[in-house]
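If you read the protein sequences in the order shown, they are chains A and B.
Numbered by my numbering, the letters in the first sequence go through residues 1 to 415 in order.
Numbered by my numbering, the letters in the second sequence go through residues 416 to 582 in order.
Beta carbons: idealized from backbone N, C-alpha and C, even for Gly.
See below for the structure under consideration.
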Amino acid sequence: MTITEKIIASHADLPRVRPGDFVEARVDQTWSDDLGSPLTMGLLEEHGLKVWDPSRMFVTSMVNSPAQSIQTATVLKSIRRLTGKLEIPHYEMGKAAIHNALGIEIGKTLPGELIAGGNSHACMAGGLGCFATGMGSTDIAAILATGRTWLEVPRTIRFRFVGKLRPWVTGKDLMLHVIGRIGFSGADNAAMEFCGEPIDTLEVEERLSMTNMAIEAGAQNAIIEPDAKTLAYVDKIAQRAFTPVYGDRDAEISEEHVIDVSELEPVIALPSLPSNTRPLTAVKGIRFDQVYIGSCTNGWMTDMRVAASILKGRKVSDALRVIIIPSTAQIHRQCVEEGLAQVFLEAGCAFSMPTCGPCIGAHMGILAEGERCLSTSNRNFPGRQGHVKSETYLCNPAVAAATAVKGELCGPDDL
Amino acid sequence: MWHQGRAWFIGADIDTDQIMPTPYLALRTNEDLGRHVLSGNDPAWPGRFAPGDVLFAGANFGCGSSREHAPRGLKGAGIACVVAPSFARIFFRNAINIGLPLLILPEVQTGAGGEPVWVDSESGQVRRSAEGPVLQGAKPPGIIRDILAHGGLMPYVKARSAAVSTV
């Protein structure tokens, strides 16, 4: 069995599972944000159901927090009431984080575990070697009531990377390249498995940026078998004992793609699908109104350090505005302690507390009609970040920082 | 069971941000969400729909965000069934979970919009005219039929799990 099949089988108490099987599996951890959790918790209340284990759930108020209207303030107030009543841990601004990142940061998504989060980018946690998948509010409510969920066992598509990565080519670029190659629904319902020497050389957080975007290829989950680097990363933060799982050497997979990264440049996704990709040199010179470095995809400490290394001692162009938002309150604090916040502010960037706001067009960076944003986030759908006639381009944090300085699309070597 | 409704047609890769744009995610009822459904694709969509209508989409309908507000808005606008060659996985689960039938039909359907159509989501069949040929789609797997038969996931969970404790 593959690593994905082994994790599902163990959580379904079955000796083996095959792609296409429908199973009922135990869930180790779930969570929800301020968009989905009122629906989720409202369903429990409506049906008079108890929470199976409040320690396996948390809620973050992050998308519309701090409240950006009376309407969202009212929603956030209802979340405080419901989490209190159901005794579910609730993280608010100042202590909070983008939920997909928080589960990892607080050591509640661990190798070998089965994770179902109330957000499509919950698949990010698969970068640590767990089965992690995103779901909607009613699915999360059923998990809260029973501790279990039904799954269709996905087929596995393996991506074996070979070659040596060129400078400024990151995990984000590998993933954009993959999505561009297989298409926006190219891994429909499948498990994406990443392996090979270039993956081994990536920082753990770059791997998380990759698995974050599995949903952008339609996948159920993405997974990277845990190595020494992963285990060192999670050992420091793990809140539960865990057992890493590895696939069998002779596991059957449905497809394998071998991808030579030797000639790969930083990748840009043009509007308005993440699969609409080009190499950086093919689209240099495009001008933007806004640059956004952050989101659950690229708001990690690794991303903040890369952006700061390029912005240090430089000023951002007067042609655009720049927003930098770390994924979590802890990363925000660490940016201050390491002096990165000073670098961002001196360069002329807006440096904000964690929120999903600009990525999802909720607040803190909404685009007007005709405006164009270069973003390290994961989606560039029509109207994703604001007006339906605004445009979003996707890239890695180094390209975003360099473009912020030059005022037009470029790489760090062009400065 | 055959259902007759009016047909509407939309393209491929319609994501849930277009089905229910972010500014409306604080709305709570299906009916309120329904007043804005698909406005991220075309602001004229919500005004076209009436109870019993059937939406025909291209492949990969409901891709992107896990927001359950998207199928809830379709249901709230009166959509009785969505027919497409494929649905994104999370949207598919969400729709079934709230009792909105989906029908997978390999061929993409197009038309002017507003014309009568017949669908049977249980057997997976579609007819474009009263006497016309039957187009055979996929019959949903057992667990999907079970959840729909209970009216959605929460009643299904309550009915079959003795382990669920109620307050």
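Check                                                                                                                                                                                  : Outcome
Going by C-alpha to C-alpha distance, which of A9(A), C359(A) and E225(A) sits closest to G20(A)?                                                                                      : A9(A)
Using only alpha-carbon positions, find the residue among E255(A), A347(A) and S69(A) that is nearest to R160(A).                                                                      : E255(A)
Where does the unbroken alpha helix (DSSP H) through S10(A) begin, and where does it stop?                                                                                             : I3 to H11
For chain A, find out if any of its Cβ atoms is closer than 8 Å to the Cβ of G473(B); answer yes or no.                                                                                : no
Alpha carbon to alpha carbon, how far is E152(A) from M135(A)? Give it in angstroms, no decimals.                                                                                      : 13 Å
How would you list, in chain order, the residues of chain A whose beta-carbon sits under 7 Å from the beta-carbon of K573(B)?                                                          : H47
Please decide whether M135(A) counts as near chain B, where near means a Cβ-Cβ distance under 8 Å.                                                                                     : yes
Report the option in L273(A), M213(A), S375(A) and A398(A) whose CA atom is closest to the CA atom of A191(A).                                                                         : M213(A)
Using a Cβ-Cβ distance cut-off of 8 Å, determine whether A401(A) contacts chain B.                                                                                                     : no
DSSP three-state label for I237(A), please.                                                                                                                                            : coil
Check distances from the C-beta atoms of the segment 419-432 of chain B to those of chain A and list, in chain order, the residues that come in under 8 Å.                             : D428, D430 and D432
Contact between the segment 387-405 of chain A and the segment 276-291 of chain A is defined here as three or more beta-carbon pairs at a separation below 8 Å; is this criterion met? : yes
Compare the C-alpha of Q239(A) against each of R166(A), V27(A), R56(A) and L39(A) and name the closest.                                                                                : R56(A)
Would you kindly report the start and end of the unbroken alpha helix (DSSP H) that includes R249(A)?                                                                                  : Run containing R249(A): none; DSSP gives neither H nor E here.
What does D422(A) touch in chain B if you count any residue whose Cβ is under 8 Å from its own?                                                                                        : Summary: the structure shown does not reach residue 422(A), with chain A confined to residues 1 through 415, and so no result is reported for it.
Can you tell me which of N456(B), L520(B), E446(B) and Y439(B) puts its alpha carbon nearest to the alpha carbon of S69(A)?                                                            : Y439(B)
For the beta strand (DSSP E) that contains Y393(A), what are its first and last residues?                                                                                              : E391 to L394
Under the three-state reduction of DSSP, which class applies to W168(A): helix, strand or coil?                                                                                        : coil
Quick one: what's got a C-beta closer than 7 Å to S262(A)'s C-beta in the same chain, skipping five residues either side?                                                              : G163 and K164
Leaving out five residues on either side along the sequence, give the residues of the same chain with a beta carbon under 6 Å from the beta carbon of A101(A).                         : C296, S327 and T328
Would you list, in chain order, the members of the segment 353-369 of chain A that have their beta-carbon closer than 7 Å to a beta-carbon of chain B?                                 : I360, G361 and A362
According to the Cβ coordinates, are T230(A) and L128(A) closer than 8 Å?                                                                                                              : yes
So, for Y246(A): in the same chain, excluding its five sequence neighbours on each side, which residues have a beta-carbon less than 7 Å away from its beta-carbon?                    : I3 and E225
Once DSSP output is grouped into helix, strand and coil, what is the label at T133(A)?                                                                                                 : strand
Figure out for me which residue from G473(B), T525(B), W423(B) and P500(B) has the closest Cα to the Cα of R463(B).                                                                    : W423(B)
For L440(B) and chain A, any beta-carbon pair shorter than 8 Å?                                                                                                                        : yes
What residue from A319(A), H47(A), T72(A) and H11(A) has the CA that sits closest to D33(A)'s CA?                                                                                      : T72(A)
Consult DSSP for D535(B) and reduce its assignment to one of helix, strand or coil.                                                                                                    : strand
So for I416(A), helix, strand or coil by DSSP?                                                                                                                                         : With chain A covering 1 to 415 only, the question about residue 416(A) has no answer from this structure.
Using a Cβ-Cβ cut-off of less than 7 Å, list which residues of the segment 205-218 of chain A approach chain B; keep chain order.                                                      : G218
Should E197(A) go down as buried or exposed, given a rule of 16 or more other Cβ atoms within 10 Å for buried?                                                                         : exposed
Below 8 Å between beta carbons is the criterion; list the residues of the segment 270-283 of chain A that meet it against any residue of chain E, in chain order.                      : Among the chains of the structure shown, chain E does not appear; the protein chains present are A and B.
Looking only at its chain, what residues have a beta carbon closer than 7 Å to the beta carbon of S454(B), apart from the 5 residues adjacent to it on each side?                      : P436, W460 and P461
Is G491(B) close to chain A? Criterion is C-beta to C-beta, closer than 8 Å.                                                                                                           : no
Going by C-alpha distance, which of C123(A), L86(A) and P397(A) is nearest T40(A)?                                                                                                     : L86(A)
Run through chain A and tell me which residues come within less than 8 Å of R482(B), C-beta to C-beta.                                                                                 : L35, G36 and G136
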